[in-house]
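**Q** Going left to right, the sequence shown walks through residues -20 to -1, 1 to 373 as mature numbering (1 follows the signal peptide of the UniProt record, and there is no 0) numbers them. By construction, the Cβ of each residue, glycine as well, lies at the ideal position given by its N, Cα and C atoms. It should be emphasised that the depicted structure is a prediction, and the values quoted were computed from it without experimental measurement.
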Amino acid sequence: MITGVLLGALALLGQGLSPAAAEAPGPAADADAGGGAMATGTPLRNGNGLYPRLIRLQNSGEANGNLVASVVDFDPNGGVGAIYRSTDNGASFTEIGSIHDPGTPAGYCCSTLFELPRQVGAMPAGTLLWTASVGQDAPDRRMTLPIWQSPDQGVTWKYLSTCRTAENTGGIWEPELAVNNQGDLICHYADETDPAHSQQLRESFSADGLTWSAPFPTVAPPNGDLRPGMANVRQLGDGSYYMSYEICATGNQYDCATHFRTSADGADWGPPSDEGPRIFSDTGQYYTHAQTLARIDNGTGPTRLAMVGQQLRDGNGEIAAGSGNTVMINDNGGAGPWRSIPAPVSVPSPPNAPCPNYSSTLASTADGATLVEIATDLDGPLCKPYFASVPLG
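#1: Counting pairs of Cβ atoms below 8 Å between the segment 220 to 239 and the segment 265 to 278, do you hit three or more?
#2: Is it the case that the Cβ atoms of D81 and A112 are separated by a distance below 9 Å?
#3: What are the complete beta strand (DSSP E) segments, minimum 3 residues, inside the segment 211 to 237?
#4: From V159, G83, T92, W137, pick the residue whose C-alpha is nearest to that of D117; which is it?
#5: Would you tell me roughly how many angstroms separate the C-alpha atoms of A9 and Y366, rounded to the nearest one?
#6: Take T20 as the anchor and find which of V135, S344, T306 has the nearest alpha-carbon.
#7: What residues in its chain sit with their C-beta under 8 Å from that of I299, if we drop five residues either side in the sequence?
#8: Mind checking whether V213 and G246 have CB atoms under 9 Å apart?
#9: If you count every other CB in all the chains shown that lies within 10 Å of the CB of E183, and 16 or more means buried, which is it?
#10: Where do the ends of the beta strand (DSSP E) carrying L362 lie?
#11: If you draw a straight line from the alpha carbon of A355 to that of S261, how long is it in whole angstroms?
#12: Considering only residues of the same chain and omitting the five flanking positions on each side of G45, which have a CB-CB separation below 6 Å?
#13: From A343 to G304, what distance separates their C-alpha atoms?
#14: Between Q129, V352, G134, Y222, which lies nearest to N160 when the distance is taken from Cα to Cα?
#15: How would you label R36, buried or exposed, when you count the other beta carbons within 10 angstroms and need 16 or more for buried?
#16: Quick check on this structure: which residue in G360, T350, K364 has the alpha carbon closest to the alpha carbon of residue 449?
#17: Pairing CB atoms from the segment 168 to 178 with CB atoms from the segment 143 to 153, are three or more of them under 8 Å?
#18: Would you mind giving the Cβ-Cβ distance between G256 and V199, rounded to the nearest angstrom? I have them listed as a contact below 8 Å.
#19: Jot down the residue ranges of each uninterrupted beta strand (DSSP E) in the segment 268 to 338, minimum 3 residues, whole runs only, in chain order.
#20: For M103, which beta-bridge partners are listed by DSSP?
#21: Do you know how far the Cα of A315 is from the Cα of V114?
#22: Can you give me the Cβ contacts of P131 inside the same chain, cut-off strictly under 7 Å, excluding the 5 residues immediately before and after it?
#23: Looking at the structure shown, is G264 part of a helix, part of a strand, or coil, going by DSSP?
#24: Give the straight-line distance between the Cα atoms of P336 and L358, rounded to the nearest whole angstrom.
#25: Quick one: what's P197 bridged to in DSSP?
#26: Have a look at G6 and F240 and give me their C-alpha separation to the nearest angstrom.
What follows is the structure in structure tokens.
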């Protein structure tokens, strides 16, 4: 959940920083020298790398199977979306591109990365799209969700369109992109602009990626104090869609716990008033805060999903022993309970605070045999990203 405290902390992390060059993979212990981060794995970069995102290319011809990642950084001119590529199944990453949206000096948060599975407008399948929340620090702000496109798997980028501009000073956060069964590009986001809802999830549609529909609510509980947010959308093997999200401000042990809903077509998610079921492991554990979702099967069998969240809790609401060290797997397209495996990157006992294990990201190799993760942890004044992989049974 985005809060003023979180945004302030992210801004402090970004003050006065310049983009860091990609570095050769090395032991995480190098980054820990002097009492730094406790995260395991290999540093992705020397500097900040907040809000990581990781995808495996599936519609890009000879580049299929490559992993592409993005992280948030800041320099004196504003925010930077730094783009990385791995051609060796996540064993190493190289910085290949960057995005400098002109609106980011007025605030920048919550980016996402998406590969088009089919042609949308003039953009062929395999086009990469990137968007973020921009403008939260501007006086009398009107935040935007600008979308950028790359025709070459993340090397070069140009502005495409803006899927939403806030109609008032309320925030619009955590964009997520998808393509529905009709072929429309969909922009999901958390919206604070409706006075009847502290926050709700909405979606807007575009047939060409250039012009956008009015927003429609997807999760808007009758209790207007609740705050649904951080939507993740994945298409399943049967053509249906699965959305995971958190609901905050519940006032109980399930504050910011993960919920889900499904859609046959990727557009209609059922009654917006429905909060949706919570997600639990087979031992009754659940995530709170900043969950993300990935489809990790190889496309030939049942849909397999993986999820990670900032904090893992036992059924009684207490922080679990495996918090920061656990990924959940579902082997049945999200139906039924999930099972737990060790996380590729361990961030021991992350607090409910910016950076440590916040909005970590997952992807699998093309054969579905290996799970790759990028997670962040504090190293002195920096929020550094770390990557690692584990075999999938």
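**A** Inspection of the coordinates gives the following:
#1: yes
#2: yes
#3: 221 to 228
#4: G83
#5: With a pLDDT of 31 at A9, under the threshold of 50, the predicted position of this residue should be treated as unreliable, and no value is reported.
#6: T306
#7: Q291, L292, R293, S329
#8: yes
#9: buried
#10: 362 to 371
#11: 21 Å
#12: A346
#13: 17 Å
#14: Y222
#15: buried
#16: Because residue 449 is not part of the residues shown, which for the chain are -20 to 373, the question remains open.
#17: yes
#18: 7 Å
#19: 272 to 275, 285 to 288, 291 to 293, 306 to 310, 319 to 322
#20: V100
#21: 35 Å
#22: T107
#23: coil
#24: 6 Å
#25: R182
#26: The pLDDT assigned to G6 is 31, lower than 50, so where the model puts this residue is not dependable, and the model offers no usable value.
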